[in-house]
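Presented below is the structure to which this report refers.
Protein chains: 2
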Amino acid sequence: MSHRLPPLNGLRAFEAAARHLSFKIAARELGVTSGAVSQQVKALEATLQVELFRRLPRGLLLTDIGQAYLPDLSEAFRIISKSTEAIAPALPARKLKIGISEQLKTHLPANWPIPSDALSAHVGKPVVTTDLELVRSGDLDGLLQLQQVAAHGLSNEKVAAIKMPTVTEPIYYICPVGLAGCRQSRVLVSSLISVFSDVG
Amino acid sequence: MSHRLPPLNGLRAFEAAARHLSFKIAARELGVTSGAVSQQVKALEATLQVELFRRLPRGLLLTDIGQAYLPDLSEAFRIISKSTEAIAPALPARKLKIGISEQLKTHLPANWPIPSDALSAHVGKPVVTTDLELVRSGDLDGLLQLQQVAAHGLSNEKVAAIKMPTVTEPIYYICPVGLAGCRQSRVLVSSLISVFSDVG
DNA sequence: GAATGAGGCTTAGAATTTCTCTGTCATGGC
DNA sequence: GCCATGACAGAGAAATTCTAAGCCTCATTC
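So the protein lines, in turn, are chains A and B.
Quick note on our numbering: the first sequence kicks off at 1 and runs consecutively.
Quick note on our numbering: the second sequence kicks off at 1001 and runs consecutively.
If you want it as structure tokens, here you go:
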């Protein structure tokens, strides 16, 4: 059986907004701006030729059609979420935001993480910085650099090494303690080991 | 309840390929190239960190994981398809491929159909041509032009009019008889009437 | 064995979609 | 009246998706 499906990302935006009756809150949940949610829902309404929401100055009301649509969509997404969890228990919540030092940057490929590499699903494009405060504040999830620095309160481990002709430079991964052993971090570390060398 | 969802378009590609055990056939069903399906499935596998297919020189086999995933996905898409049908009975199957004459083109906005307009969900970017054979062969779904021409075997109707200072130019819509009254055509015609004038 | 066709893979770049940012508008509360 | 809130709109940036072309591994035919 072949399905005829509307824009799936638009459905996701609608479903989140319908649960909260708010583009603003849905945007936060989806990790995008409210303008993006607004555009997605509007495009979906145009495709379907139906009105799903009544817009108020401060929030949304579901139309009867929107109200009828929501339960099935929520159920479908629940099925997808549940079955995805069953086959891939550790689906990453989002990509890690990593900072890398200028020095380390020269050793990495220009478009690291390589788009076709599995790591790119777990780590976003890095920011070039060594500012620990960005990690402490939560703006970044971690830092990768070649210098060892004091990083009180954070996990600070030697995770890989760059073998050069005369010396071996260790790579340090500094991140909140809670993220140190998480799946994304583990994938990041093993990717670094395959690009460079183990800390051995 | 908030869902954690993998790339939905990737799921769509996987589900179609899994039903057919063929990227080629799935591509035909989805209206894209097999390369596109291949890339989508590969990206999904990378995100989930699982193998969903075993690739053979001529076709696919599902892995155990892929086999486990398929029924739930098919069910979720069936729910979405069914509930979408219930609220929007005439979801367009695809966008109409329309040819417009050079002359008519000068009267239309440069980026017609306007992306934010409802028509853009029903009609793709037009091709500039007056070649009726493209309609007969199925390469185009219809032609819009200002000259009346003989078009045996096709529907050939005056659908709107351009009011100029000294004269009124009718717009002719030529298409296969079967498409003349379909939803996309009707949206197209009413859009032309709102841009220009009724044939009155 | 050689030639050919089938279908998946890969890559680069084109095309499209999605996103962000900024400013506007209509409230709603003080 | 002022300010805050949240949806809307548009332009352009960013990301994703797509196409086209060529490569690879078979499987079949001559």
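Ideal placement from N, C-alpha and C gives every residue a C-beta, glycine not left out.
By alpha-carbon distance to A:Q67, the top candidate from A:F53, A:R58, A:F77 is A:F53. Contact between the region 1015-1022 of chain B and the region 1050-1064 of chain B is present, with at least three C-beta pairs closer than 8 Å.
Buried is the label assigned to A:L188, since at least 16 other Cβ atoms lie within 10 Å of its Cβ. In this structure, A:V123 places its C-beta atom within 7 Å of the C-beta atom of A:K95.
Counting only runs of at least 3 residues, the region 1133-1164 of chain B fully encloses the following beta strand (DSSP E) elements, listed from N- to C-terminal order: 1142-1145, 1154-1163. Judged by DSSP secondary structure, B:I1171 falls within the beta strand (DSSP E) whose first and last residues are 1168-1176. Residue contact with chain A for B:I1065: present (Cβ-Cβ distance below 7 Å to some residue of chain A). Its Cα nearest to that of B:E1051, the residue A:T84 stands out among A:T84, A:L30, A:P71.
Counted as a single uninterrupted DSSP element, the alpha helix (DSSP H) harbouring A:G35 occupies residues 34-48. A distance of 7 Å or more separates the beta carbons of A:L140 and A:L104. With a threshold of 16 other beta carbon atoms within 10 Å, B:P1089 falls short and is exposed. DSSP places A:I80 inside the alpha helix (DSSP H), whose first and last residues are 64-87. Taken atom to atom, the span from the alpha-carbon of A:L192 to that of A:A161 is near 8 Å. Assignment of beta-bridge partners to B:G1031 by DSSP yields no partner. Cβ proximity to chain A below 7 Å picks out E1029, A1046, T1047, L1048, Q1049, V1050 from the region 1029-1051 of chain B. For the pair A:R78 and A:V32, the Cα-to-Cα distance works out to about 21 Å. Taking all protein chains shown into account, A:R55 has fewer than 16 neighbouring C-beta atoms within 10 Å of its C-beta and is therefore exposed. Secondary structure of A:S197 (DSSP, three-state): strand. Around A:L108, the same chain offers no residue with a beta carbon nearer than 6 Å, after the five sequence neighbours per side are excluded.
Of all residues in the region 66-83 of chain A, only A68, Y69, D72, L73, S74, E75, A76, F77, R78, I79, I80, S81, K82, S83 place a beta-carbon less than 8 Å from a beta-carbon of chain B.
About 6 Å separates the beta carbon of A:E102 from that of A:V128, a gap short enough to meet the 8 Å contact definition. Neighbourhood of B:A1088 in chain A, by CB distance below 7 Å: L48, Q49, V50, in chain order.
In the three-state reduction of the DSSP assignment, B:I1098 falls in the strand class, which pools E and B.
Listed in chain order, the non-local C-beta contacts of B:S1074 below 8 Å within the same chain comprise E1015, R1019, local neighbours out to five positions each way being set aside. Between A:Y172 and A:K158, the C-beta spacing is below 7 Å. Under the 7 Å criterion on CB atoms, A:P7 is classed as non-interfacial with respect to chain B. Here DSSP, grouped into helix, strand and coil, assigns B:G1124 to coil. A check of alpha carbon separations from B:G1153 across B:A1180, B:T1130, B:T1168 identifies B:A1180 as the nearest.
For A:L44, the closest C-alpha among the options B:L1119, B:I1098, B:V1195, B:E1133 is that of B:L1119. In the structure shown, A:R54 falls within a strand segment according to DSSP collapsed to helix, strand and coil. Against chain A, the beta carbon of B:L1104 has no neighbour under 8 Å; the closest one sits roughly 24 Å away. Of all alpha-carbon atoms in A:G10, A:N111, A:D72, the one lying nearest the alpha-carbon of A:Q39 is that of A:G10. The residue from B:C1175, B:A1036, B:L1030 with its alpha-carbon nearest to that of B:K1097 is B:C1175.
Contact annotation for A:R12 against chain B: L1005, L1008 [CB-CB distance below 7 Å, chain order].
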